[in-house]
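Peer 1: What follows is a single structure, and I will ask about it in a moment.
Protein chains: 2
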Amino acid sequence: MFNLARVPSILMLGLIYMAYVLIGGLVFWKIEGDLVQKDISLLLLNKNRLLRKYTCLNQEGLEDVAQVGLSMKGNYTTDGFWKFTSSAVFAATVVTTIYGNMSPSSTAGQIFCVVFALFGIPLNMVVLNRVGKYMLVIERNISCLLQGKTGKRPQRCTCFFVHLVSYLSGATLFFVAPMIVFQQHEGWTYSQAIYYCFITLSTIGFGDFVANNPDKEYPEWYSILMASWIFFGLAWLSLLINHSIDILERL
Amino acid sequence: MFNLARVPSILMLGLIYMAYVLIGGLVFWKIEGDLVQKDISLLLLNKNRLLRKYTCLNQEGLEDVAQVGLSMKGNYTTDGFWKFTSSAVFAATVVTTIYGNMSPSSTAGQIFCVVFALFGIPLNMVVLNRVGKYMLVIERNISCLLQGKTGKRPQRCTCFFVHLVSYLSGATLFFVAPMIVFQQHEGWTYSQAIYYCFITLSTIGFGDFVANNPDKEYPEWYSILMASWIFFGLAWLSLLINHSIDILERL
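For the record, the sequence lines run as chains A and B. Per full-length UniProt numbering, the first sequence starts with residue 1, numbered consecutively. Per full-length UniProt numbering, the second sequence starts with residue 1, numbered consecutively.
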């Protein structure tokens, strides 16, 4: 039944949540707002340069060209953008709720996308949960193995040590190593690369940075490595997030 | 310990998962691939029209203008795009892992975004879980109330009836009603509006359709309605998805 005694703690949680979002909004506003002012001046300079260079263009003509150029610069220039491989990658971004750089534009494609996600998202969650549980089992097995060898040390110490090592190796495998790979193959800075790793694995997926861009050339192993990184990285990060939820729930 | 007897069922699940994604990829490829062919011909027509109209532009000039136009058409034309209200909405899209139509472009903003999401996503999940549980409690209370009044009917019948009514009213509240509102205020078709509702509440968030666009004028109540729709809709849909996961886990 409805437990009235718990209402204050829920109101508290709601207030913390609202305060968190509002403070975040404030910080983004300060950081990004200033930057936009600089960008606007730069853009106006560029615009005036273009108007001087191409004398047949007026303000209206410029917007006309920009409108068409918008779609030309997008998905359509690379012939056969919806190849089978990129369509399969797209299907994977739907079920994992990561956003990539594509979206269906036909009505049939949009309706299929809804139905596909309706069954695909729960299926994906079940699979990731299983993989996450096996990761925990492997960690425990290693912990037992170490305890067998160093039987005299107290259990708590080994556990903490194994947790620390598995956390650090996870962070290296899913954040530090991909960061270096992306920095080299995508031409991003280290901070942009780590930002991309987090935005992708947390399934926020802004789409402002896109790895494995269909316009570029990559080594053969790149897309396979990318797919495995996303799959195991998601399982690992959802484990971490579940741990944080456990801690928050107990508050 | 590692249970070997369960390995075949896990392999099976993995195979189903892979087949699901591949078949989805096949369908998207067929549906969208054909459409892109038509779009490319249309774009080439438009491009040739522009080259004839503005005689001072060559291929290179067109791309030059399109490049600058790309950012002019984007976030920068509306002065003060990173207002406080839109920054707060952005902060909410980060913690809910929905993608909106903004992303931070400064290094400081990107780093803050990572840290903000790291604590915000678990917090958001805890809050949504609580709200979802309260929705269940309300459903159960209504069920008990109905049973008290119609005490002679069998319990199972009332339960199924209440489930059905609560499911239908949820679907109406979070999909049918917003669909009508979006169709009227965003100028979308009904199928585009329902596609937007699903892509948003499932947190996939392609960003191909964006409601509450900063370039347009909306009624006062629009953004408040929008925020409540997302918040309670997410809680409701995560309840539904959790139910589906329970069913899948039992298989």
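Don't be surprised by glycine CBs; every beta carbon is placed ideally from N, CA and C.
Quick one: Cα of Glu186 (chain B) to Cα of Val89 (chain B), how far?
Peer 2: 18 Å
Peer 1: Assign Asn141 (chain A) to one of two classes, buried (16 or more other C-beta atoms within 10 Å of its C-beta) or exposed (fewer than that).
Peer 2: exposed
Peer 1: Which same chain residues, not among the five before or five after Phe209 (chain A), have their C-beta less than 8 Å away from its C-beta?
Peer 2: Cβ neighbours of Phe209 (chain A) beyond the five flanking positions: Glu186, Trp188, Gln192, Tyr195, Tyr196 and Ile199.
Peer 1: So what does DSSP say about Cys56 (chain A), is it helix, strand or coil?
Peer 2: coil
Peer 1: Which word fits Tyr190 (chain B), buried or exposed, when buried means at least 16 other C-beta atoms lie within 10 angstroms of its C-beta?
Peer 2: Classification for Tyr190 (chain B): exposed.
Peer 1: Is Leu13 (chain A) close to chain B? Criterion is C-beta to C-beta, closer than 8 Å.
Peer 2: yes
Peer 1: So, with DSSP's three-state summary, where would you put Met102 (chain B)?
Peer 2: coil
Peer 1: Leu51 (chain A) to Ala108 (chain B), Cα distance in whole Å?
Peer 2: About 34 Å.
Peer 1: Does DSSP classify Asn141 (chain B) as helix, strand or coil?
Peer 2: helix
Peer 1: Are any of the Cβ atoms in chain A nearer than 8 Å to that of Glu32 (chain B)?
Peer 2: yes
Peer 1: Taking buried to mean at least 16 other C-beta atoms within 10 Å of its own C-beta, is Asn124 (chain B) buried or exposed?
Peer 2: buried
Peer 1: Output, in chain order, the set of chain A residues within a Cβ distance shorter than 7 Å of Gly187 (chain B).
Peer 2: One finds nothing in chain A with a Cβ atom closer than 7 Å to the Cβ of Gly187 (chain B); even the nearest lies about 16 Å away.
Peer 1: Take every Cβ of the stretch 127-140 of chain A, pair it with every Cβ of the stretch 226-239 of chain A, and state whether three or more of those distances are shorter than 8 Å.
Peer 2: yes
Peer 1: Residues in the same chain with beta-carbon distance under 6 Å from residue 335 (chain B), minus the five sequence neighbours each way, listed in chain order, please.
Peer 2: Residue coverage of chain B in this structure runs from 1 to 251, which leaves residue 335 (chain B) outside it and unanswerable.
Peer 1: Any beta carbon of chain B sitting closer than 8 Å to that of Thr200 (chain A)?
Peer 2: no
Peer 1: Using a cut-off of 7 Å between C-beta atoms, extract the partners of residue 252 (chain A) located in chain B.
Peer 2: Because residue 252 (chain A) is not part of the residues shown, which for chain A are 1 to 251, the question remains open.
Peer 1: Looking at chain B, is there any beta carbon in it that lies within less than 8 Å of the beta carbon of Tyr167 (chain A)?
Peer 2: no
Peer 1: How far does the alpha helix (DSSP H) with Phe90 (chain B) in it extend, from its first residue to its last?
Peer 2: For Phe90 (chain B), the enclosing alpha helix (DSSP H) covers residues Phe84 to Val95.
Peer 1: If contacts are defined as beta-carbon pairs under 8 Å, then Leu11 (chain A) and Pro122 (chain B) qualify, I think. What distance do you get, rounded to the angstrom?
Peer 2: In fact, because the Cβ distance is near 19 Å, the residues do not count as touching under 8 Å.
Peer 1: Can you look up Phe209 (chain A) in the DSSP assignment and give me helix, strand or coil?
Peer 2: coil
Peer 1: Is there at least one Cβ from chain A nearer than 8 Å to Phe28 (chain B)'s Cβ?
Peer 2: Output row for Phe28 (chain B): interface = yes.
Peer 1: Using a beta-carbon distance below 8 Å, is Arg104 (chain B) in contact with chain A?
Peer 2: At residue 104 (chain B) the sequence reads Pro, which differs from the Arg that was named. It does; some Cβ of chain A falls within 8 Å.
Peer 1: The stretch 38-52 of chain B: which residues have C-beta closer than 7 Å to a C-beta of chain A, in chain order?
Peer 2: Asp39, Ile40, Leu43, Asn46, Lys47 and Leu50
Peer 1: If we count the other Cβ atoms within 10 Å of its Cβ and call it buried at 16 or more, is Ser9 (chain B) buried or exposed?
Peer 2: exposed
Peer 1: What are the boundary residues of the alpha helix (DSSP H) that Pro178 (chain A) is part of?
Peer 2: Ala177 to Glu186
Peer 1: What residue does the alpha helix (DSSP H) around Thr200 (chain A) start on, and which one ends it?
Peer 2: Tyr190 to Leu201
Peer 1: Which first and last residues belong to the alpha helix (DSSP H) in which Tyr222 (chain B) is found?
Peer 2: Tyr222 to Arg250 is the span of the alpha helix (DSSP H), which, as asked, contains Tyr222 (chain B).
Peer 1: Buried or exposed, going by whether 16 or more other CB atoms sit within 10 Å of the CB of Gly25 (chain B)?
Peer 2: Taking a 10 Å sphere around the C-beta of Gly25 (chain B), we find 16 or more other C-beta atoms and assign the residue as buried.
Peer 1: In chain order, what residues of the same chain lie with their CB nearer than 8 Å to the CB of Val95 (chain B), ignoring the 5 residues before and after it?
Peer 2: Phe116, Ala117, Gly120, Ile121, Leu123 and Asn124
Peer 1: Would you please verify whether the beta carbon of Ile245 (chain B) is less than 8 Å from any beta carbon of chain A?
Peer 2: yes
Peer 1: So with CB distances below 8 Å, who are the chain B contacts of residue 254 (chain A)?
Peer 2: This structure gives no information on residue 254 (chain A), because the portion of chain A shown stretches from 1 to 251.
Peer 1: Please list, in chain order, the chain A residues whose beta carbon lies closer than 7 Å to that of Ile10 (chain B).
Peer 2: Arg130
Peer 1: If you reduce the DSSP assignment to three classes, tell me which class Tyr17 (chain B) lands in.
Peer 2: helix
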